[in-house]
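Taking full-length UniProt numbering, the leading residue of the sequence shown gets 1, the next gets one more, and so forth.
Heads up, the beta-carbon is just placed ideally off N, CA and C, and yes, glycines get one too.
Please read the structure below before turning to the comments.
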Amino acid sequence: VNSDNTGSHTQAVMHLLLSLQSPPGAVQEAMEVALNAGYRHVDCAYFYQNEAEIGAALQKKLGEGRLKRDELYVVSKLWNSFHAPQDVRPAFLKSLTMLKLDYLDLYLMHSPMGFPVRSSSPTPCSKQDQSPTKSSSPSLFSWQAMEKLVDEGLVKSVGVSNFNVSQLERLLSVCRIKPAANQVELHPYLTQSELVEYCKSKGIVLIAYSPFGCPALPCPVPLLENPTVKEIAQKHGKTSAQVLIRFHIQRGIAAIPKSITPARIVENAEVTGMASEPGALFRSWRLAEVLLSPERGETLHTSDGWGLVPKPSCTQQDLNS
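Written as structure tokens, this is what we have:
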């Protein structure tokens with residue numbers, strides 16, 4: 001997958017090390033395994049609390065002379081609490097320091113919705129209804145501060161995450177530097193078809209997190225256990241995870257599989273030499289799109305915040321029909 005906005009190149013298979021529930025040292029160890037397995041696109045974020053251990057792993061490999069900095073594509077994200085323009089640069093520099101690098105390849109706005117800056121919690125909520133509290137700083141001002149990071153040479157590209165079409169349209173109508181990428185939840189149970197086509201038409205690289213489905217929104221049939229996925233995997237001698245990663249690649253979408261398990265990290269990289277039979281899986285995508293429409297699902301977030309994320313309402317019978 002190429003980012004035409006900056007000339008930077010990203011591999012179609014990337015690696016997300018989400019360390020919020022990982023024991024100390026596990027992320028660094030997993031990152032070293034991933035680098036040895038050939039991963040070069042490293043996805044981080046302030047909120048993931050993984051930057052320090054990833055930075056240690058990167059410095060170890062760079063110090064050994066096994067890798068050159070220009071062979072890596074390192075990404076981090078501006079957390080919601082730092083959307084105020086004056087807080088963008090300090091937040092970025094904190095991530096850069098934790099990663100022990102001189103520059104980043106891509107810096108994403110983690111969400112179009114900002115949180116209050118002076119908060120003791122990374123996810124501050126209203127005491128009345130426990131809904132997320134919003135910052136008064138428009139995301140456009142945050143974006144302008146991010147553009148200045150490019151001007152300074154601190155980051156090569158900037159992008160967004162969790163943006164829907166209307167939010168992208170507003171940003172594109174006023175931005176000076178076009179977002180290079182949009183990282184969103186994307187998998188056969190959440191198709192995002194309109195967003196996929198829109199981003200392709202604008203030259204924005206789509207990055208799929210949770211490519212195996214979202215555990216927070218369980219479906220009666222987990223995606224890795226989907227009969228169609230398992231059938232294709234068995235036919236090609238691959239795992240369900242490998243089939244799903246390959247499916248994203250063939251659609252021109254970068255996929256970020258999450259794992260700190262060494263065997264799975266290596267397994268997720270071995271997706272070459274196979275076709276994922278998009279015809280068979282597209283049937284599941286079309287079915288899921290109907291099942292996950294707002295009329296059939298529950299809206300979890302409003303369109304002026306995170307965007308519309310329908311809650312799965314599919315059943316075992318639906319998926320087998």
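When DSSP labels each residue in this structure, what does residue 202 get in the three-state scheme? Three-state DSSP puts residue 202 in a helix.
Round the Cβ separation of residue 82 and residue 88 to the nearest angstrom and send it over; I've been treating them as touching at under 8 Å. 6 Å
Given 8 Å, three or more beta-carbon pairs between the segment 218 to 227 and the segment 194 to 206: These segments do not touch.
Residue 38 burial status per 10 Å Cβ neighbour count (16 or more: buried): exposed
Should residue 370 go down as buried or exposed, given a rule of 16 or more other Cβ atoms within 10 Å for buried? With the chain represented from 1 up to 321, any question about residue 370 goes unanswered, as that position is not in the structure.
Is the CB-CB distance between residue 179 and residue 186 below 9 Å? no
In chain order, which continuous runs of the alpha helix (DSSP H) of length 4 or greater are located wholly inside the segment 143 to 180? 165 to 172
Selection from 182, 65 and 149 that minimises the alpha carbon distance to residue 112: Nearest C-alpha to residue 112 among 182, 65 and 149: 182.
According to the Cβ coordinates, are residue 173 and residue 109 closer than 9 Å? no
According to DSSP, residue 76 sits in a beta bridge with which residue or residues? Answer is 107.
Tell me the DSSP bridge mates of residue 102? Paired residue(s): none; residue 102 is not in a bridge.
Residue range of the alpha helix (DSSP H) that residue 248 falls in? 240 to 250
If contacts are defined as beta-carbon pairs under 8 Å, then residue 79 and residue 46 qualify, I think. What distance do you get, rounded to the angstrom? 4 Å
Quick check: the Cα distance between residue 233 and residue 259, rounded to an integer number of angstroms? 20 Å
In chain order, what residues of the same chain have a beta carbon less than 6 Å from the beta carbon of residue 52, not counting five sequence neighbours either side? 98
Boundaries of the beta strand (DSSP E) in which residue 41 is found, first to last residue: 41 to 43
Please go through the same chain and pick out, in chain order, the residues whose beta-carbon is closer than 6 Å to the beta-carbon of residue 322, but skip the five residues on each side of it. With the chain covering 1 to 321 only, the question about residue 322 has no answer from this structure.
Using three-state DSSP, classify residue 64 as helix, strand or coil. coil
Would residue 244 be called buried (16 or more neighbouring beta carbons within 10 Å of its own) or exposed? buried
Please report how far the alpha carbon of residue 167 lies from the alpha carbon of residue 144, in whole angstroms. 15 Å
When you compare only the Cα positions, how much space is there between residue 271 and residue 96? 31 Å
Distance, residue 201 Cα to residue 24 Cα: 42 Å
For residue 309, is the classification buried or exposed, using 16 other Cβ atoms within 10 angstroms of its Cβ as the cut-off for buried? Model confidence at residue 309 stands at a pLDDT of 35, short of 50, so the residue's coordinates are unreliable and nothing is read from them.
Which of helix, strand or coil DSSP assigns to residue 49: DSSP places residue 49 in coil when its eight states are reduced to three.
Where residue 261 falls, given that 16 or more other Cβ within 10 Å makes a residue buried: exposed
Pick from 28, 33 and 22 that is closest to residue 264, judged by C-alpha positions: Nearest of 28, 33 and 22 to residue 264, Cα basis: 33.
How big is the Cα-Cα spacing for residue 163 and residue 238? 33 Å
Helix, strand or coil at residue 208 [DSSP, three-state]: Note: residue 208 maps to strand in three-state DSSP.
Mind checking which residues open and close the beta strand (DSSP E) that includes residue 256? For residue 256, the enclosing beta strand (DSSP E) begins and ends at 254 to 256.
For residue 192, which three-state DSSP category applies? Three-state DSSP puts residue 192 in coil, outside helix and strand.
Enclosing alpha helix (DSSP H) for residue 26 [first to last residue]: Unbroken alpha helix (DSSP H) run through residue 26: 26 to 36.
Suppose you measure from the CA of residue 100 to the CA of residue 235; what does that come to, to the nearest Å? 44 Å
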